[in-house]
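The block underneath contains the structure these notes are about, expressed in structure tokens.
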Amino acid sequence: MFAKIKDGAIEATGTLKQLFPNTSFPAGVADNDFKTENGLQDIVNAEQKDRKYYYVTQGDIALVDGVATQQFTNTAMRLEDEDAKDADGNQLYVQVFDASANGGEGRMVNTSEKLINRGLKYTMNAQVKSQANSALAGTDWMVIRKAERDVAIPDATTTYRAKVVTECARLETAIAGAADVEALITVMNAQNWPETD
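Residue numbering for the sequence shown is 3 to 199, as defined by our numbering.
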């Protein structure tokens with residue numbers, strides 16, 4: 003994508019074919035002289051934050067320090083869980099199908115369980131627990147064998163499993179203590195799972 007700049011302002015944006023429909027370019031590429039003569043600039047992208055943690059929406063193309071730049075708005079996702087509400091602010095509840103409702107035709111009915119909009123802390127905690135579960139799953143059979151037949155678990159396995167549990171607990175505590183999205187990103191980027199032997 004290109005921006006056509008005239009008198010310090012963006013006049014038009016588009017592909018070469020859109021901006022110059024009656025001009026052909028060898029291999030579809032304009033040379034630097036043509037770009038300079040016609041005030042063309044490649045459009046660069048402004049910062050887009052990690053979409054696991056931010057809602058990123060595309061904005062306008064603007065000149066930033068003389069450079070045609072595609073703007074983006076980065077809005078941090080919610081950290082904490084919150085009750086789900088309808089447009090009028092009423093609490094929403096988990097629904098189930100009740101076959102006896104509506105004269106036997108059935109319909110969805112509310113339960114007493116509140117519907118929750120999950121925040122990033124919940125999601126990242128679930129991810130950390132899943133990683134710990136995956137790390138432990140390969141040696142779970144040794145724990146079962148120990149419980150059922152009293153066969154000793156190798157020391158290296160016991161040490162490894164303890165390190166996994168410790169790292170999971172450390173991460174859960176750090177996630178709970180994250181004050182903002184950037185702090186949460188720092189926690190998630192500092193995971194230190196033990197290596198298997």
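We put the CB at the ideal spot given by N, CA and C, even for glycine.
Being a predicted model, the structure only gives us computed values, none of them experimental.
Only counting the same chain, and skipping five residues up and downstream in sequence, which positions put a Cβ closer than 7 Å to that of Arg-163?
Excluding positions up to five away in sequence, the list reads Leu-138, Thr-141.
Nearest CA to the CA of Leu-117: which residue from Thr-161, Asn-76, Thr-15, Leu-94?
Minimum Cα distance to Leu-117 is reached at Leu-94.
Helix or strand or just coil, what does DSSP make of Gly-106?
In this structure, Gly-106 counts as coil in the three-state DSSP scheme.
Check whether the Cβ atoms of Met-126 and Ile-177 sit closer than 8 Å, and answer yes or no.
Yes, the Cβ-Cβ distance between Met-126 and Ile-177 is below 8 Å.
Under three-state DSSP, which class holds Tyr-55?
In the structure shown, Tyr-55 sits in coil (DSSP, three-state: anything other than H, G, I, E or B).
State buried or exposed for Met-190, treating a residue as buried only when at least 16 other CB atoms are found within 10 Å of its CB.
Label assigned to Met-190: buried.
To which residues of the same chain is Thr-159 closer than 7 Å at the C-beta, ignoring the five residues directly before and after it?
Hits under 7 Å: Thr-141, Met-144.
With which residues is Glu-82 paired in a DSSP beta bridge?
DSSP, once it has assigned bridges, lists no residue as partnering Glu-82.
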